[in-house]
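**Q** The structure follows.
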Amino acid sequence: MPTTLELLLIAATFLVAGGVKGVIGMGMPTVSLALLTATLGLQPAMALLLAPTLITNVWQALVGGYLQRIMRRLWPFLLASVVTVWLGVGILARVEVRWLSGLLGALIAFYALAGLCHLGLDRLVGRGRHAAPINGALTGLLTGMTGSSVFPGVPYLQSLGLPREMLIQAMGVLFVVTTLALGSALGGQRLLSVELGLLSLGAVLPALVGMRLGQWLRGRLSESTFRRAFLSGLLAMGGYLLVRALAG
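Numbered continuously in the numbering used here, the sequence shown closes out at residue 1401.
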């Protein structure tokens, strides 16, 4: 059974992560993964984010009026993402976890640096004939290994030049399908216990409360200033995870 301190830590993590999503519209899985991996470990962190990530993204995936267009256009990308999640979780079950925690740290730090330095990751993912399945396969593989579906999935979607509302809905679809695949694959590898599943469901409430607070704060904060602070925090946390993994 988790201790009271661990329960408070989980609740506070999803309150903060939900608040970030409420302000800027994304970032909850990344924030919760970074904080929980640093405190509880990678595998529990991946299991705990399942229910909050799924529930907070279902609405984003279904609302917007573009779902049919998204599925017609992006099905090779989404299918590849779902299939390779299983391969990634297979690696997670067999590789020393600290190296995958370090990989997560490197991905988070790279994503944060790219945002702070305006590197334009969408230019790095390619737009050729095979870009969709390649980027989908890499996204699914990294999701299964680290729990993060951000890279290269989000930059690839940004590279397509979708209308803003369609892009937001497409990101919601990506996060929903990869989260469902991740939950199924973790269960298949016996990395998702009943206890972790219940804790994940319990984390939905603080995540939703955090989102509501974030939405309330959105009109009272400078989004650009908040985004810089958010990315700076991610950079520090990603660097910490990477250094800790290398230090053993």
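Quick reminder that beta carbons are idealized off the backbone N, C-alpha and C, glycines included.
If you're wondering where the values come from, they're calculated on a predicted model, not measured in any experiment.
Taking buried to mean at least 16 other C-beta atoms within 10 Å of its own C-beta, is Gln-1196 buried or exposed?
**A** For this step, residue 1196 is matched to residue 43 along the sequence shown. The residue is buried, with at least 16 neighbouring Cβ atoms inside 10 Å.
**Q** Using a 10 Å radius around the Cβ and a threshold of 16 neighbouring Cβ atoms, would you call Gln-1221 buried or exposed?
**A** In the sequence shown, residue 1221 corresponds to position 68, counting from 1. Exposed is the call here.
**Q** Look at the Cβ atom of Pro-1411, then the Cβ atom of Thr-1156, and state whether they are nearer than 7 Å.
**A** With the chain represented from 1154 up to 1401, any question about residue 1411 goes unanswered, as that position is not in the structure.
**Q** Residue ranges of each alpha helix (DSSP H) run of no fewer than 4 residues wholly in the segment 1233 to 1286, ordered along the chain?
**A** As far as the segment 1233 to 1286 is concerned, its whole alpha helix (DSSP H) runs of at least 4 residues are 1250 to 1270.
**Q** State buried or exposed for Val-1176, treating a residue as buried only when at least 16 other CB atoms are found within 10 Å of its CB.
**A** As a first step, residue 1176 must be located in the sequence shown, where it is residue number 23. Val-1176 is buried by the Cβ-count criterion.
**Q** Between Met-1415 and Gly-1218, is the Cβ-Cβ spacing less than 7 Å?
**A** Shown here, the chain extends from 1154 to 1401; a query on residue 1415 therefore has no answer.
**Q** Look at Gly-1180 and Ala-1262 and say whether their C-beta atoms are less than 7 Å apart.
**A** Taking the first residue of the sequence shown as position 1, residue 1180 is located at position 27. Taking the first residue of the sequence shown as position 1, residue 1262 is located at position 109. For Gly-1180 and Ala-1262, no; Cβs fall outside 7 Å.
**Q** Does DSSP put Gly-1367 in a helix, a strand or coil?
**A** Along the sequence shown, one-based indexing puts residue 1367 at 214. Helix.
**Q** What would DSSP say about Ser-1353, mapped onto helix, strand or coil?
**A** Along the sequence shown, one-based indexing puts residue 1353 at 200. Three-state DSSP puts Ser-1353 in a helix.
**Q** Enumerate in chain order the residues of its own chain whose CB-to-CB distance from Arg-1380 is below 7 Å, with the five nearest sequence positions on each side excluded.
**A** For the purposes of this step, residue 1380 is taken as the residue at position 227 of the sequence shown. Correct list, in chain order: Ile-1177.
**Q** Could you pull the start and end residues of the alpha helix (DSSP H) that Arg-1317 belongs to?
**A** As a first step, residue 1317 must be located in the sequence shown, where it is residue number 164. 1317 to 1341 is the span of the alpha helix (DSSP H), which, as asked, contains Arg-1317.
**Q** Mind checking which residues open and close the alpha helix (DSSP H) that includes Val-1216?
**A** Looking up residue 1216 in the sequence shown gives position 63. Premise fails: Val-1216 is in no alpha helix (DSSP H) and is neither H nor E.
**Q** Using the rule of at least 16 other Cβ atoms within 10 Å of the residue's Cβ for burial, across every protein chain shown, is Ile-1244 buried or exposed?
**A** Translated into positions along the sequence shown, residue 1244 becomes position 91. Label assigned to Ile-1244: exposed.
**Q** Specify whether the segment 1223 to 1234 and the segment 1273 to 1292 touch according to this definition: at least 3 beta carbon pairs, one from each stretch, less than 8 Å apart.
**A** At 8 Å Cβ cutoff, the stretches touch.
**Q** Starting from Thr-1183, follow the alpha helix (DSSP H) in both directions and report where the run begins and ends.
**A** Working through the sequence shown from its first residue, we reach residue 1183 at position 30. Note, Thr-1183: alpha helix (DSSP H), 1181 to 1192.
**Q** Within the present structure, is the beta-carbon of Trp-1252 separated from the nearest heavy atom of the ligand GDP by less than 6 Å?
**A** Looking at this structure, you won't find the ligand GDP or any other ligand, since it has none at all.
**Q** Between Ile-1163, Glu-1318, Arg-1282, which has its C-alpha nearest Val-1216's C-alpha?
**A** Here residue 1216 refers to the residue found at position 63 of the sequence shown. Among Ile-1163, Glu-1318, Arg-1282, the Cα nearest to that of Val-1216 is on Glu-1318.
**Q** Closer than 6 Å by C-beta to Ala-1285: which residues in its own chain qualify, once you throw out the five before and the five after it? Chain order, please.
**A** Locating residue 1285 in the sequence shown gives position 132, where the first residue counts as 1. Answer for Ala-1285: Pro-1229, Phe-1230, listed in chain order.
**Q** DSSP three-state call for Arg-1397: helix, strand or coil?
**A** Taking the first residue of the sequence shown as position 1, residue 1397 is located at position 244. Three-state DSSP puts Arg-1397 in a helix.
**Q** Let me know the secondary structure DSSP gives Val-1176 once reduced to three states.
**A** Residue numbering aside, residue 1176 sits at position 23 when the sequence shown is read from its first letter. In this structure, Val-1176 counts as helix in the three-state DSSP scheme.
**Q** Please classify Ser-1185 as buried or exposed, where buried requires at least 16 neighbouring CB atoms within 10 angstroms.
**A** Start at 1 with the first residue of the sequence shown, and residue 1185 comes out as number 32. Under this definition Ser-1185 is a buried residue.
**Q** Going by the CB atoms, is the gap between Thr-1192 and Leu-1162 shorter than 7 Å?
**A** Residue numbering aside, residue 1162 sits at position 9 when the sequence shown is read from its first letter. Residue numbering aside, residue 1192 sits at position 39 when the sequence shown is read from its first letter. In this structure, Thr-1192 lies closer than 7 Å to Leu-1162 by Cβ.
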